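Visitor: Here's a structure for you.
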Amino acid sequence: MDSVSPRPATPDDLRQMLAIESASYPQPWQKEHFTSEMEKAFARILVLTDDETDSTVVGYIVYWIHAEEVSLLNITLSPSWRGFGYARKLMTVMINDAVRDE
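The sequence shown begins at 132 in my numbering and counts up by one.
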């Protein structure tokens, strides 16, 4: 759990994202929620991956940048990856993205 990196989510990440979502919430987002957001030009979905494997998704963030504002829709980390500041890292990426988009 030393190093993680954010990158844009792809449809190939959905299986892992849905598993994290189901482990985290009593009423989790369904596949359609994620795929719908992936189709929106103003939506951003980033996954956080373990640098050791590059394919293991440990968390994700879903947000919109529109009309000079940012809206956070979902931020979730795998239960075993919580408490290490990775959600803060995802929030920082979102804020920096919003500032660049001005």
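We treat Cβ as the ideally placed atom computed from N, Cα and C, and that holds for glycine.
Keep in mind the model is a prediction, meaning the values are calculated, not measured.
Going by DSSP, what residue range makes up the beta strand (DSSP E) through D181?
Guide: Looking up residue 181 in the sequence shown gives position 50. Its beta strand (DSSP E) spans residues A174 to D181.
Visitor: Just mark E168 as buried or exposed, buried being the case when its beta carbon has 16 or more other beta carbons within 10 Å.
Guide: In the sequence shown, residue 168 corresponds to position 37, counting from 1. Under this definition E168 is a buried residue.
Visitor: State the DSSP-derived secondary structure class of T207, mapped to helix, strand or coil.
Guide: For this step, residue 207 is matched to residue 76 along the sequence shown. Correct three-state label for T207: strand.
Visitor: Please state if the CB of I151 and the CB of Y191 are separated by a distance shorter than 9 Å.
Guide: Indexing the sequence shown from 1 puts residue 191 at position 60. Indexing the sequence shown from 1 puts residue 151 at position 20. Against a cut-off of 9 Å, the Cβ pair of I151 and Y191 comes out as a contact.
Visitor: Can you say whether P137 is buried or exposed, counting buried as having 16 or more other CB atoms within 10 angstroms of its CB?
Guide: Counting from one through the sequence shown, the residue named residue 137 turns up at place 6. Buried: at least 16 other Cβ atoms inside 10 Å.
Visitor: So who's on the other strand from E200, going by DSSP bridges?
Guide: Counted from its first residue, the sequence shown places residue 200 at position 69. E200 pairs with H197.
Visitor: Quick check: the Cα distance between D185 and D144, rounded to an integer number of angstroms?
Guide: Numbered from 1 along the sequence shown, position 54 holds the residue referred to as residue 185. Numbered from 1 along the sequence shown, position 13 holds the residue referred to as residue 144. The alpha-carbon atoms of D185 and D144 are separated by roughly 11 Å.
Visitor: What does DSSP give as the partner residues of V135 in its beta bridges?
Guide: Stepping through the sequence shown from its first residue, residue 135 is reached at position 4. Answer is D181.
Visitor: If you draw a straight line from the C-alpha of M199 to the C-alpha of M222, how long is it?
Guide: Numbered from its first residue, the sequence shown carries residue 199 at position 68. Numbered from its first residue, the sequence shown carries residue 222 at position 91. According to the sequence displayed, residue 199 carries Glu and not Met. Answer to the nearest angstrom: the Cα atoms are 17 Å apart.
Visitor: Would F173 be called buried (16 or more neighbouring beta carbons within 10 Å of its own) or exposed?
Guide: Here residue 173 is taken as the residue at index 42 of the sequence shown, counted from 1. The residue is exposed, with fewer than 16 neighbouring Cβ atoms inside 10 Å.
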